[in-house]
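Here's the structure we're looking at; comments come further down.
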Amino acid sequence: MHSIFQNKKIIVTGHTGFKGSWLSIWLNMLGAKVFGISNKVPTSPSHYELHKNVFYKDLRYDVRNLDDIKNCLVEIKPDFIFHLAAQPIVIKSYEDPKETFETNTMGSLNILEALKSLKNKCIGVFITSDKCYENLEWQYGYRENDLLGGKDPYSASKATTEIILNCYYNSFFKNSTNVQIGRARAGNVIGGGDWTQS
Numbered sequence: 036m037h038s039i040f041q042n043k044k045i046i047v048t049g050h051t052g053f054k055g056s057w058l059s060i061w062l063n064m065l066g067a068k069v070f071g072i073s074n075k076v077p078t079s080p081s082h083y084e085l086h087k088n089v090f091y092k093d094l095r096y097d098v099r100n101l102d103d104i105k106n107c108l109v110e111i112k113p114d115f116i117f118h119l120a121a122q123p124i125v126i127k128s129y130e131d132p133k134e135t136f137e138t139n140t141m142g143s144l145n146i147l148e149a150l151k152s153l154k155n156k157c158i159g160v161f162i163t164s165d166k167c168y169e170n171l172e173w174q175y176g177y178r179e180n181d182l183l184g185g186k187d188p189y190s191a192s193k194a195t196t197e198i199i200l201n202c203y204y205n206s207f208f209k210n211s212t213n214v215q216i217g218r219a220r221a222g223n224v225i226g227g228g229d230w231t232q233s
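For the sequence shown, our numbering gives the first residue as 36, with consecutive numbering after it.
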């Protein structure tokens, strides 16, 4: 079976996290050269530690540092970038809202700015969260056209990121011939038993 990812250079930010490590495994299975970007391994034990061999390059950069991210993208010239790097914990967002906004909102902004520097064709996929919606305690799932919001810093950082993504799409990428961007709003994932080694 042919894969659109075969032999493509793909950056996964947040590759040391749970979703990022699983995505990296999948992309590797589809024949991609996966470049992981993360500033640290967030948990111990970690799913990432069990599967470090899937990475073409395993890099330590912080998405809050625009110069590092821009230089990295310009050097790699990725065909795709999946941006998952985030401060994902709601409780921690109350403890350190500044770090949450810097990582989630400004980190995404830095990826967008770095994408503007690329001369090669690249598709950027930004993974935000279903927590970007204003929580109105409805019984049904939220839809893409529902109101953005967020009473806690984590949710607000994701809603703000969605506004920035919309701005950059319309201002810089809508008519771009080389860089295209898209987004996905992910829900929670329960990873029970995923630390187990056989």
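Glycine included, C-beta positions come from ideal geometry on N, C-alpha and C.
Which residues in the same chain have their Cβ closer than 7 Å to the Cβ of residue i, if we skip the five residues on either side of it in sequence?
{"i": "K193", "result": "N139, T163, S164, K166, C167 and G185"}
{"i": "E134", "result": "Q122"}
{"i": "V214", "result": "L150, L153, C157, G159 and F208"}
{"i": "M141", "result": "R99"}
Please determine, among the options, the residue with the shortest C-alpha to C-alpha distance to residue i.
{"i": "L94", "options": "D187, T51 and R218", "result": "T51"}
{"i": "P123", "options": "F115, Y91, F136 and Q174", "result": "F136"}
{"i": "L153", "options": "S59, T78 and I216", "result": "I216"}
{"i": "S128", "options": "W57, K54, S38 and S190", "result": "S190"}
{"i": "F53", "options": "K68, E84, V69 and L147", "result": "E84"}
{"i": "K92", "options": "H82, A121, V214 and I72", "result": "I72"}
{"i": "F207", "options": "W57, K151 and N170", "result": "K151"}
{"i": "T48", "options": "N213, T195, S143 and N180", "result": "S143"}
{"i": "V89", "options": "P77, D187 and I60", "result": "I60"}
{"i": "Q97", "options": "I116, I146 and E110", "result": "One detail in the question is off: residue 97 reads as Asp in this sequence, not Gln. Of I116, I146 and E110, the residue nearest in Cα terms is I146."}
Starting from the C-beta of residue i, find all residues in its chain whose C-beta is less than 6 Å away, skip the five residues before and the five after it, and write them out in chain order.
{"i": "N155", "result": "K112"}
{"i": "G55", "result": "V47, G49 and L119"}
{"i": "T195", "result": "T140"}
What do you get for residue i, buried or exposed, if any count of 16 or more other CB atoms within 10 angstroms of its CB means buried?
{"i": "N223", "result": "exposed"}
{"i": "I104", "result": "buried"}
{"i": "G66", "result": "exposed"}
{"i": "N210", "result": "exposed"}
{"i": "V125", "result": "exposed"}
{"i": "P188", "result": "buried"}
{"i": "N205", "result": "exposed"}
{"i": "N180", "result": "exposed"}
{"i": "T78", "result": "exposed"}
Between residue i and residue j, what straight-line distance do the alpha-carbon atoms span, to the nearest angstrom?
{"i": "D131", "j": "N42", "result": "40 Å"}
{"i": "I45", "j": "C157", "result": "9 Å"}
{"i": "A221", "j": "A149", "result": "23 Å"}
{"i": "Y203", "j": "A120", "result": "19 Å"}
{"i": "D236", "j": "N74", "result": "Residue 236 lies beyond the stretch modelled for the chain, which goes from 36 to 233, so this question has no answer here."}
{"i": "C107", "j": "H86", "result": "23 Å"}
{"i": "I39", "j": "V69", "result": "14 Å"}
{"i": "N100", "j": "L58", "result": "24 Å"}
{"i": "S81", "j": "N170", "result": "31 Å"}
{"i": "I116", "j": "M64", "result": "17 Å"}
{"i": "T212", "j": "D114", "result": "13 Å"}
Near residue i, what residues of its chain come up, given a Cβ to Cβ distance below 8 Å and the 5 sequence neighbours on each side ignored?
{"i": "R218", "result": "V160, F161, I162, T163, E197 and L200"}
{"i": "V76", "result": "T51, Y83 and E84"}
My output table needs one value for residue i: the three-state DSSP class, helix, strand or coil.
{"i": "W230", "result": "Note on W230: pLDDT 45, under 50, position unreliable in the model; the coordinate value appears next. Looking at W230 - three-state DSSP - the assignment turns out to be coil, as it is neither helix nor strand."}
{"i": "G159", "result": "strand"}
{"i": "S73", "result": "strand"}
{"i": "L101", "result": "helix"}
{"i": "G142", "result": "helix"}
{"i": "F136", "result": "helix"}
{"i": "A67", "result": "coil"}
{"i": "G217", "result": "strand"}
{"i": "T48", "result": "strand"}
{"i": "K92", "result": "strand"}
Comparing the CB of residue i with every heavy atom of the ligand NAP, is any distance shorter than 6 Å?
{"i": "E134", "result": "As presented, the structure is devoid of all ligands, the ligand NAP included, so that no description of it is given."}
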